[in-house]
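Residue numbers (numbering that gives the first Met the number 0), protein chains in the order written: chain A, 0 to 202; chain B, 0 to 292. First the structure, in the form of structure tokens, and then the observations on it.
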Amino acid sequence: MNATPSDSGRWRHRRQTSADEAEVVRRVLAGDREAFRLIVLRYQSTLAGLVFRHTGDAHACEDLVQETFLRAYRALGSFDPRYRLSTWLARIALNAARDHGRRRQVREATPVAHDVEPAAAPDPSTPTPAAQAATKELQHQVGAALAELPEPQREVIVLGVYGGYTQREVADVLELPLGTVKTRQRTALGKLRQLVAPQGGLA
Amino acid sequence: MRSKEEIEALLLEVLPALPAELLADGEALREQLGAFPSSGELVDELASTLSLLHEHAPPVPELSLDFADKVMAALPPAPQAATPPRGGRFEGWVLRAAAAAACFALGVGYARWQPTPDATPSAQQQPAPAQAPSAPPQAPTQEPPLRGWELAREPQTTPPPVTYVDTRALGDYATRARHVLETLDRLGGEADPRALHEVLVAVEANELVLRGEVLLAELEVDPQRPQELSRLIHGTQLVLRRVRNARGPAASTVVNTVRDEVRATGLLDAYETLLAAPSGEQTPPPIQSTGPL
Numbered sequence: 000m001n002a003t004p005s006d007s008g009r010w011r012h013r014r015q016t017s018a019d020e021a022e023v024v025r026r027v028l029a030g031d032r033e034a035f036r037l038i039v040l041r042y043q044s045t046l047a048g049l050v051f052r053h054t055g056d057a058h059a060c061e062d063l064v065q066e067t068f069l070r071a072y073r074a075l076g077s078f079d080p081r082y083r084l085s086t087w088l089a090r091i092a093l094n095a096a097r098d099h100g101r102r103r104q105v106r107e108a109t110p111v112a113h114d115v116e117p118a119a120a121p122d123p124s125t126p127t128p129a130a131q132a133a134t135k136e137l138q139h140q141v142g143a144a145l146a147e148l149p150e151p152q153r154e155v156i157v158l159g160v161y162g163g164y165t166q167r168e169v170a171d172v173l174e175l176p177l178g179t180v181k182t183r184q185r186t187a188l189g190k191l192r193q194l195v196a197p198q199g200g201l202a
Numbered sequence: 000m001r002s003k004e005e006i007e008a009l010l011l012e013v014l015p016a017l018p019a020e021l022l023a024d025g026e027a028l029r030e031q032l033g034a035f036p037s038s039g040e041l042v043d044e045l046a047s048t049l050s051l052l053h054e055h056a057p058p059v060p061e062l063s064l065d066f067a068d069k070v071m072a073a074l075p076p077a078p079q080a081a082t083p084p085r086g087g088r089f090e091g092w093v094l095r096a097a098a099a100a101a102c103f104a105l106g107v108g109y110a111r112w113q114p115t116p117d118a119t120p121s122a123q124q125q126p127a128p129a130q131a132p133s134a135p136p137q138a139p140t141q142e143p144p145l146r147g148w149e150l151a152r153e154p155q156t157t158p159p160p161v162t163y164v165d166t167r168a169l170g171d172y173a174t175r176a177r178h179v180l181e182t183l184d185r186l187g188g189e190a191d192p193r194a195l196h197e198v199l200v201a202v203e204a205n206e207l208v209l210r211g212e213v214l215l216a217e218l219e220v221d222p223q224r225p226q227e228l229s230r231l232i233h234g235t236q237l238v239l240r241r242v243r244n245a246r247g248p249a250a251s252t253v254v255n256t257v258r259d260e261v262r263a264t265g266l267l268d269a270y271e272t273l274l275a276a277p278s279g280e281q282t283p284p285p286i287q288s289t290g291p292l
């Protein structure tokens, strides 16, 4: 095994950021409003990914990420520094995404469908239009497969696979037992395998 | 030899922590799990599924370049003051809130129903002179006995007003939350999809969880907020979230469990007390507000 928890830079980074984040939170609570910008800059991309993978709604993504940060700012005093800021923010983002999804379902009474409009942006590394179309089709398949997952299973995939959270962190974010997270992740990956493979996605 | 489930669980624990490039070719995984020859096919399936999910996921839309500026501009004046983390489990502080509400209800009941010698309806009514001019006077020189809240407030001067940030929103939330709790309380022991659906719709259509979050945030910065009210809403939020997240075959089990907890903690009773409207001038509300409360 080349990458272990002890020598993985990513894991080291995670441990190091905890103290930094606690200091940033302390500064914000002490009245240093600009310190919150550090939190925004550090987590905006991660949260955008979580929210977009969860809702599939590219148009609402930015608004939901902004709402997440506003909620976090208002409730920053209740943040428990014993937990990771990233976990806490992910929980708020997921709640915002869930609320958005339910509002949309109540309004439209239609199932959540992943909006893959951003995939239309041309990828400069794609050599031909045919390959570009194939890539877009695969992206559509993956997006549609994610959208077909039940929300609890989609959340563990979004956090674990795309968010890079460990299963224990996913359990913290979702406030679930670790065993439940493992079961959901296993079930979700099995479903994704079935959903994507018949369409030629898997070699 | 480990079982298939154990290998799969191990994979899922390890995979998210690996860099994406390692997921693509699966070499590290094969090396790690080389001791399990029978797991080769499983490794390939999982690695290819994860690789596909990573490589062909719809691209995340780019946030605007001035996104951080927008967020900073939209921030409220100041975050709430640092407060100690809400400790204890759900039952703990809901019980405290329910106990506080019960004490309050007992106080109200005692003040209202304290027996007096002339506590009959006929003695309380003062006949109008125009309607019964010949009626005998009923103790004209004696002040009518104080009743109800008059007794409770007699030794006090003017009670300090307590004003919430948004009493209308608070009353609206409390009314709808009580409706959900009542519906929950009516659920039988068996699974009832329609009743579950009614509860779920009541929670979702009214955006109760979101409203509760806003209320909690507002109450946190209100220096005169009653702690019991925050605890009550916080407990309700937990109930609402658990009901909202109850899906699938286990939904009825989860909802029944939550219902039993709600009954055990007296959450509904707390709302009944909170929403008990003051009747007449004799029973001024303990909390002066301008909203529907």
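The beta-carbon is built from N, C-alpha and C at its ideal position, and this holds for glycine as well. Quantities reported herein were computed from a predicted structural model and do not represent experimental measurements.
Report yes or no: do three or more beta-carbon pairs, one from the stretch 44-51 of chain A and one from the stretch 56-66 of chain B, lie closer than 8 Å?
Counting C-beta pairs closer than 8 Å gives three or more between the stretch 44-51 of chain A and the stretch 56-66 of chain B, which meets the contact rule.
According to the neighbour-count rule (16 or more other Cβ atoms, all chains shown, within 10 Å of its Cβ), is B:GLU40 buried or exposed?
The residue is exposed, with fewer than 16 neighbouring Cβ atoms inside 10 Å.
Taking the CB atoms as reference points, tell me whether B:ALA73 and A:LEU40 lie closer together than 8 Å.
Taking the C-beta atoms as reference points, A:LEU40 is found no nearer than 8 Å to B:ALA73.
For B:HIS178, would you say it is in contact with chain A, using Cβ-to-Cβ distances shorter than 8 Å as the test?
Chain A has no Cβ within less than 8 Å of the Cβ of B:HIS178.
Which residues in chain B have a C-beta closer than 9 Å to the C-beta of A:GLY195? List them in chain order.
It is worth fixing the name first, because residue 195 of chain A is Val in this sequence and not Gly. Simply THR48, LEU51, LEU52, HIS55.
Can you grab the Cα-Cα spacing for the pair A:ARG32 / A:TYR82, in whole Å?
Their Cα atoms are separated by approximately 22 Å.
Report the CB separation of A:ALA144 from A:LEU93 in whole angstroms; it is logged as a contact under 8 Å.
Contact doesn't hold; Cβ gap of about 20 Å is too wide.
Output yes if chain A places a C-beta closer than 8 Å to the C-beta of B:VAL59; else output no.
The Cβ of B:VAL59 sits closer than 8 Å to at least one Cβ of chain A.
From B:ARG210 to B:ALA168, what does the alpha carbon distance come to, in whole angstroms?
A direct Cα-Cα distance of roughly 8 Å separates B:ARG210 from B:ALA168.
Below 8 Å, how does it come out for the stretch 131-141 of chain A and the stretch 177-189 of chain A: are there three or more Cβ pairs, yes or no?
When Cβ pairs closer than 8 Å are counted between the two stretches, the stretch 131-141 of chain A is seen not to touch the stretch 177-189 of chain A, the count staying below three.
Please list, in chain order, the chain B residues whose beta carbon lies closer than 8 Å to that of A:GLU61.
The contact set of A:GLU61 on chain B, defined by CB atoms closer than 8 Å, consists of PRO60, LEU62, SER63, PHE66 in chain order.
Let's test the definition: count the other Cβ atoms within 10 Å of the Cβ of A:GLY30 and tell me whether it reaches 16, buried, or not, exposed.
So A:GLY30 ends up on the exposed side.
7 Å CB neighbourhood of A:LEU46 in its chain, flanking five on each side removed:
Around A:LEU46: VAL64, THR67, LEU88, ALA92.
With 9 Å as the C-beta to C-beta threshold (strictly closer), list the residues of the stretch 149-163 of chain A near chain B in chain order.
Correct list: PRO149, GLU150, PRO151, ILE156, LEU158, GLY159, VAL160, TYR161, GLY162, GLY163.
Less than 6 Å between C-beta atoms, sequence neighbours within five positions excluded: which residues of the same chain meet that for B:PRO158?
Because B:PRO158 sits at a pLDDT of 48, beneath the cut-off of 50, its placement in the model cannot be relied upon, and the following sentence gives the value as read from the coordinates. Closer than 6 Å at Cβ, skipping near neighbours: no residue.
Are the C-beta atoms of B:ALA201 and some chain C residue less than 8 Å apart?
Within the model displayed, chain C is absent; protein chains A and B are what it includes.
Compute the Euclidean distance between the alpha carbons of B:GLU61 and A:ARG102, then round it to the nearest angstrom.
Whole-angstrom Cα-Cα distance: 24 Å.
Quick check: the Cα distance between A:GLU168 and A:SER85, rounded to an integer number of angstroms?
Each residue's Cα considered, the two are about 9 Å apart.
Report the CB separation of A:VAL141 from B:LEU51 in whole angstroms; it is logged as a contact under 8 Å.
Going by Cβ atoms, the distance from A:VAL141 to B:LEU51 rounds to 7 Å, so yes, they are a contact pair.
Got a sec? Which residues, its chain only, sit under 7 Å from A:TYR161 by beta carbon, not counting five neighbours each side?
GLY48, ARG52.
Should B:VAL70 be labelled buried (16 or more other beta-carbon atoms within 10 Å of its own) or exposed?
Flag for B:VAL70 reads buried.
Simplified DSSP state of B:ALA77, which is helix, strand or coil
It is coil, neither helix nor strand.
Is any beta-carbon of chain B found at less than 8 Å from that of A:THR134?
Under the Cβ distance rule, A:THR134 counts among the residues neighbouring chain B, one pair being separated by less than 8 Å.
Where does A:HIS99 land, buried or exposed, given buried means 16+ other C-beta within 10 angstroms?
So A:HIS99 ends up on the buried side.
Would B:ASP171 and B:LEU267 qualify as a contact pair, given that the criterion is a beta-carbon distance under 8 Å?
No; because the gap between Cβ atoms is not below 8 Å, this pair is not in contact.
Secondary structure of A:PHE78, DSSP reduced to three states
A:PHE78: coil per DSSP, three-state reduction.
With a threshold of 6 Å on Cβ separation, who are the neighbours of A:GLN184 within its own chain once the five nearest residues in sequence on each side are excluded?
Answer for A:GLN184: VAL155, GLY159, listed in chain order.
Where does A:TYR161 fall in DSSP's three states?
Helix, per DSSP.
Is the beta carbon of B:GLU206 less than 8 Å from the beta carbon of B:ARG243?
Between B:GLU206 and B:ARG243, the CB-CB gap reaches or exceeds 8 Å.
So, with DSSP's three-state summary, where would you put A:ALA29?
It is coil, neither helix nor strand.
Looking only at its chain, what residues have a beta carbon closer than 6 Å to the beta carbon of A:PRO80, apart from the 5 residues adjacent to it on each side?
Sequence-distant Cβ neighbours of A:PRO80 in its own chain, meaning closer than 6 Å and more than five residues away, are ALA21.
Measuring only between beta-carbons, confirm whether B:LEU169 sits less than 8 Å from chain A.
Proximity of B:LEU169 to chain A, defined by a Cβ-Cβ separation below 8 Å, is not satisfied.
Give me the Cα-Cα distance between B:ILE286 and B:ARG175, rounded to the nearest whole angstrom.
The pLDDT assigned to B:ILE286 is 40, lower than 50, so where the model puts this residue is not dependable; a value taken from the coordinates is nonetheless given after this. Going by the C-alpha atoms only, they are around 20 Å apart.
Establish whether the CB of B:VAL70 and some CB of chain A are separated by less than 8 Å.
Judged by the 8 Å Cβ criterion, B:VAL70 is in contact with chain A.
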